[in-house]
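Written out below as C-alpha cells is the structure these notes cover.
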Ligand SMILES: C[S@@+](CC[C@H](N)C(=O)[O-])C[C@H]1O[C@@H](n2cnc3c(N)ncnc32)[C@H](O)[C@@H]1O
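Now the structure itself:
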C-alpha cells in the first residue's frame with residue numbers, strides 16, 4: 003500500500019528559518035494580549051498617543067508603547083507623527099465588529115492548552131475538559147467558542163446549499179449544528195432545516211436562529227438512535243466539524259445514527275479537515291489540536307471513507323473543494339419501499 007504523503011512546508015535549511023518558526027508564539031502573544039487588554043477597541047482610525055491609550059486602559063505607558071510598536075511591525079497598527087492608529091482592517095475586524103476578536107480569544111484559550119502538548123504525548127489524553135462538562139462549568143467560554151466557529155464558518159465554510167445535491171424543499175438535518183451558521187444558510191436557500199445539538203447549545207441556537215424558520219432540538223446525539231429526529235425522515239444530513247472531535251469508533255456510531263435519520267436514498271454531507279490536508283502542515287497541526295483539545299483526530303481521507311462505509315453509507319465522493327476543506331457526500335442506499343410503513 004502506498005504511504006500517505008505528509009504535507010510539509012518548504013524544508014527548513016537554516017538556523018534562522020528554524021528560529022522564525024520557534025518564535026511564532028511571540029506575534030500570537032502580542033495579538034491575543036492586545037485583544038485582552040482592550041487595545042483594539044481603544045484604537046481609532048485617527049492617531050491616539052501612547053499616553054492617552056495607557057491612561058484610558060490603565061496600563062504601563064512604556065510597555066504599552068512597546069506593544070504598539072510590535073503591532074506596527076505586524077501590520078495591525080499604523081504609526082503616524084502623533085501617535086498610533088488602527089489600520090482599516092484592524093478597525094473593522096478587531097474593533098467595531100467583534101468577529102475576529104472572537105477568533106483571537108478562542109486561540110488564546112487554546113494556546114494555553116497547547117503549552118501542555120508534552121502531557122498529551124505521555125498520557126494519550128486531551129488536556130481540556132470534555133465539551134459536555136465545559137458546557138456546564140464554563141458556559142460563557144463554550145458559547146464564545148461557538149461564536150468563533152460561526153465566524154470561521156461564515157468566512158471559510160463550504161456553501162452546502164450550492165452543492166448540486168441540494169434543492170429547495172429538502173428536509174435537512176444539521177447534526178451538532180452549533181449556533182446555526184450552516185442551518186440558517188440552508189433555510190434561506192429553501193430547505194426545511196432541523197438543527198440538533200446539546201440542549202444548552204440548542205437554547206443558544208434558538209436565540210440566534212429566531213425568525214429563520216430552522217427547527218431546533220436539544221438532544222445528546224449519543225442518547226438517541228436517529229439523532230433526535232424520527233428515523234427515515236430526512237433527505238440530507240450535514241455533519242460539520244463534529245467527526246474530528248470523535249475517535250473512529252465513536253464517529254462510526256454517530257454516523258450510524260445519522261444513517262437512521264435519513265430516508266433510503268438520502269445523503270450525508272461530512273464537512274471536516276482531513277489529517278493530510280494542506281496547505282503546509284495544516285492537517286497534521288489540526289490533528290494535534292484535536293488530540294490536545296478533544297481526544298478526537300483529524301482523520302485521513304481513507305479513514306473518513308471507511309467510517310462512512312462502516313456506518314452503512316455507499317458511494318462516498320469528495321467534493322472538489324481546495325484543501326483544507328474536506329467535504330464528503332455519501333448515500334444511504336435503498337429507496338422509499340425499503341421503509342416499513
Ligand atoms: C466543533 S462544533 C461544530 C459546530 C458546527 N457544526 C460548525 O461546523 O461550525 C461541534 C458541535 O457538535 C455538538 N456536539 C458534540 N457532541 C454532541 C453530542 N453528543 N450531542 C449533541 N451535540 C453534540 C457541539 O455542542 C457543537 O455545537
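Residue numbers (the working numbering): 3 to 343.
From the three backbone atoms N, C-alpha and C, an ideal C-beta is built for every residue, glycine too.
Nothing here was measured: the structure is a model prediction, and the numbers come from that model.
### Query
Just checking, does the segment 290-307 make contact with the segment 102-122 on the three C-beta pairs under 8 Å criterion?
yes
### Query
In terms of residue numbering, what span does the beta strand (DSSP E) encompassing residue 94 cover?
From DSSP, residue 94 is part of no beta strand (DSSP E); its letter is neither H nor E.
### Query
Which residues mark the beginning and the end of the beta strand (DSSP E) in which residue 317 is found?
316-320
### Query
Run through DSSP, which three-state label would residue 188 get?
helix
### Query
Using CA coordinates, which residue listed in 313, 280, 314 is at the minimum distance from residue 392?
Summary: the structure shown does not reach residue 392, with the chain confined to residues 3 through 343, and so no result is reported for it.
### Query
Hey, would you say residue 178 sits closer than 9 Å to residue 201, going by beta carbons?
no
### Message
Would residue 37 and residue 106 be called neighbours here (beta carbons separated by less than 9 Å)?
### Response
yes
### Message
Can you tell me whether residue 17 is buried or exposed? The criterion is at least 16 other CB atoms within 10 Å of its CB, across all chains shown.
### Response
exposed
### For residue 253, three-class secondary structure by DSSP
helix
### Message
Classify residue 273: buried if its beta carbon has 16 or more other beta carbons within 10 angstroms, exposed otherwise.
### Response
buried
### Query
Any heavy atom of ligand 1 closer than 8 Å to the Cβ of residue 180?
yes
### Message
So within the segment 230-294, which uninterrupted alpha helix (DSSP H) runs reach at least 4 residues, ignoring any that extend past its ends?
### Response
250-263
### Query
Which value, in whole angstroms, describes the spacing of the CA atoms of residue 181 and residue 218?
10 Å
### Message
Judging by CA-CA distance, which residue of 330, 326, 288, 322 is the nearest neighbour of residue 307?
### Response
330
### Query
Should the segment 263-273 be regarded as contacting the segment 206-216, the criterion being three or more beta carbon pairs within less than 8 Å?
no
### Query
Counting only runs that start and end within the segment 65-126, where is the alpha helix (DSSP H) found for 4 or more residues in a row?
101-116, 119-125
### Query
From this set, 144, 127, 128, 126, which residue's C-alpha is nearest residue 134's C-alpha?
144
#### Entry: At least three beta-carbon pairs within less than 8 Å, the segment 228-247 to the segment 255-268
yes
### Task
On a CA-only basis, which of 69, 305, 65 is nearest residue 245? Give me that one, please.
305
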